[in-house]
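Enquirer: Before we start, here is the structure in question, set down as structure tokens.
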Amino acid sequence: MDPTPSYHDLAAWEDLNLLVPEAGAVEDHDDPRHLDPRQPPPELVVLDQSIQELEERLADLKAQRAKLLDERALIGRLPPELLSRIFELGVGESFDLLPTLNLVSAKWRAVALSTPPLWSYIVLDADWAWRIPAFLGRMRVYLQRSQASKLFIDLDFRQFENPANVEAVMAEAEPHLWRCYSFNVSVIDWPRLRQVQEHASGLGPTLEDLYLCIDSSESETHEPFSFLTQPCPRLGYVVLEHAPLDCIQVPLPSLRHLHLLRDHRCHSSARISYPFHELVATVTKSPLKCLKLRSALFALDASEEVFKASPCPTELRDLKDLTFDVVDSGSITLFFEATILPALEILSVNSGEDLQWLRRISLTPSHFPSLRLLDLRNCNFSGPALVPLVRALHHLPQITGLGISSPSTGVVGTRIFDMLAAGPDILGQWLLPRLEALSLQNCVDISGHELHRVVLARRGAAAPEVANITYLKVSQCCSLDPEVLERLTSLVDTVRSF
């Protein structure tokens, strides 16, 4: 079952999730308090020796204790069937767990050897770049021990300079691809992808997930081709990283999630182009529920429906989740002019300060009757830029969740929150009267006071149509006041801060 979009999905842009080191995690080895060039006195030497002997004795006692606990461990009494299932769940979360399980005990190794799904994960990464013979040996063992289990195959050939290595790996995998449910491959150019495709004709009957990545430096210099050669009745999840739609020109009756993006390692401002009519045709032919485009633009020809005097929009009746990340406002507007999205629930956009696409939505709200969650990134929330934003939001009263991430000016300011807290006396009507959730990410000036004003204003509203704020999420906002956060926690049902 496909998950329903929720408030947790707002302001959750993955590339903004930076890891911040914990305070005090770095030691200063040059601290003068720990340095003394003098020889220690004999009494101290004796004490140090006694401490060392006690530590060795303590370590020995701990080892004896661990051995006794191990002999009495409840997990040792589990039947092999249950232990096998636990191993499956663990290896499914971490592929590297399997070698460790084999080393714990003879019993665990016997259970692992008798559990074929544990050996169904074939992963080739950069660590194997200079050890292809060893990988081939390991791959043969895994394929044999997995028996008839469905296979997860992840092959990253970008670090392999010799085409013969690609040929050897694919020749070994080819007879088993008929049982592959997840196939992920990354290559540096089209000739390497052609090598892979020549051995991948077995993909299709059981394939559920497909990920194709072509290095951005080479992907536009060769004629594309369809990677899939037979219908994929169960394929529901596709990611094309700097690869065109031509790669999946086969019937996809179960496709639910489609992600189109430029190579995430490439920091160029260039974007990959997709023929607009091909994209609409692909989305129309499949019961697509989630579409994400990153660093993309649309290519048009003279026969496009949108150029007609009275164009007829295409209805995408199943699409619930739509994301435009680093896509220009003109391309987004074009998409909305050419489509009707009756089931769309969450819209996430990173397109800069141009809000032409938002004005388009506000003028045709009947095309988006189910829209409830709006996630904005890299917008300007101050000065004249705030005017078209507020005007558009006035025409979208059905919005219940609003996300704000990485404002283009670096700060959000207080004006947008003043508008959300202002009532009919100032604006003539409430802005987003059904708003229940506010999520903010990477907004350095957010202190929490502005959120507190919005929460109090809406709780005190006399109008019954004005909803209370029941969900707040604040992430990577370094100016957040802990005292204000504590007050918000007492007022709002769900508050998340990290």
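The sequence shown begins at 1 in UniProt numbering and counts up one residue at a time.
For every residue, glycine included, the Cβ atom is placed at its ideal position computed from N, Cα and C.
Please read these numbers as outputs of a predicted model, since none were measured by experiment.
1. Answer with buried or exposed for tryptophan 130, where buried requires no fewer than 16 other C-beta atoms within 10 angstroms of its C-beta.
2. What is the DSSP secondary structure of glycine 92, counted as helix, strand or coil?
3. Should serine 94 be labelled buried (16 or more other beta-carbon atoms within 10 Å of its own) or exposed?
4. Of all the options Pro287, Ala343, His277 and Asn378, which has the alpha carbon lying nearest to the alpha carbon of valine 326?
5. By the DSSP assignment, the beta strand (DSSP E) with histidine 257 in it spans what residues?
6. Can you give the beta carbon distance from glutamate 239 to tyrosine 211, rounded, assuming they're within the 8 Å contact cut?
7. State the DSSP-derived secondary structure class of phenylalanine 183, mapped to helix, strand or coil.
8. Keeping to the same chain, check which residues put their C-beta closer than 7 Å to that of serine 382; ignore five residues upstream and five downstream.
9. Within the continuous alpha helix (DSSP H) that includes arginine 140, where are the two ends?
10. Does aspartate 189 come out as helix, strand or coil in the three-state DSSP assignment?
11. Only counting the same chain, and skipping five residues up and downstream in sequence, which positions put a Cβ closer than 7 Å to that of proline 116?
12. Return the Cβ separation of valine 250 and leucine 228 in integer angstroms, given the expectation that the two are a contact with Cβ distance under 8 Å.
13. Looking at the secondary structure, which residues open and close the alpha helix (DSSP H) in which proline 251 lies?
14. On the criterion of 16 or more Cβ atoms from any shown chain inside 10 Å, does residue 504 qualify as buried, or is it exposed?
15. To the nearest angstrom, how far is it from the Cα of glutamine 441 to the Cα of alanine 112?
16. Alpha carbon to alpha carbon, what distance is there between glutamate 353 and proline 191?
17. What residue range does the beta strand (DSSP E) around glutamate 241 cover?
18. Any idea what DSSP makes of glutamine 441, helix, strand or coil?
19. Just mark serine 226 as buried or exposed, buried being the case when its beta carbon has 16 or more other beta carbons within 10 Å.
20. Indicate the three-state DSSP secondary structure (helix, strand or coil) for isoleucine 122 in the structure shown.
21. State the Cα-Cα distance for the pair phenylalanine 87 and leucine 118, rounded to the nearest angstrom.
22. Taking C-beta to C-beta, are serine 329 and alanine 11 nearer than 8 Å?
23. Could you tell me how far apart the beta carbons of serine 186 and aspartate 209 are, in whole angstroms, since I believe they sit closer than 8 Å?
24. How about isoleucine 188 and aspartate 154: are their beta carbons less than 8 Å apart?
Expert: So, to answer that:
1. Tryptophan 130 sits exposed, since fewer than 16 C-beta atoms from the chains shown fall within 10 Å of its C-beta.
2. In the structure shown, glycine 92 sits in a helix (DSSP, three-state: H, G or I).
3. Its Cβ having fewer than 16 others within 10 Å, serine 94 is exposed.
4. Checking every option, the nearest Cα to that of valine 326 belongs to Asn378.
5. That run of the beta strand (DSSP E) goes 257 to 261.
6. Here residue 239 turns out to be valine, not glutamate, going by the sequence shown. Yes, valine 239 and tyrosine 211 are in contact; Cβ-Cβ is about 4 Å, under 8 Å.
7. Correct three-state label for phenylalanine 183: strand.
8. Hits under 7 Å: Thr409, Gly413 and Arg415.
9. For arginine 140, the uninterrupted alpha helix (DSSP H) segment begins and ends at 132 to 145.
10. Aspartate 189 falls in the coil class under three-state DSSP.
11. So the list reads Arg145, Ser146, Gln147 and Ser149, once near-sequence residues are dropped.
12. Confirmed, Cβ separation roughly 5 Å.
13. That residue, proline 251, is in no alpha helix (DSSP H); it is neither H nor E in DSSP.
14. Lying before the first or after the last residue shown, residue 504 is absent from the chain, which here runs from 1 to 498.
15. The straight-line gap from Cα to Cα measures roughly 43 Å.
16. Distance between proline 191 and glutamate 353, taken at the CA atoms: about 40 Å.
17. Looking at the DSSP string, the run of the beta strand (DSSP E) that includes glutamate 241 is 237 to 241.
18. Strand, per DSSP.
19. Exposed, because fewer than 16 other Cβ atoms sit within 10 Å of the Cβ of serine 226.
20. Isoleucine 122 carries a strand assignment under DSSP once its states are collapsed to helix, strand and coil.
21. Answer to the nearest angstrom: the Cα atoms are 7 Å apart.
22. Result no, Cβ atoms of serine 329 and alanine 11 do not sit closer than 8 Å.
23. Actually they are not in contact, since the Cβ atoms of serine 186 and aspartate 209 sit about 14 Å apart, beyond 8 Å.
24. Annotated as distal: isoleucine 188 and aspartate 154, with beta-carbon spacing of 8 Å or more.
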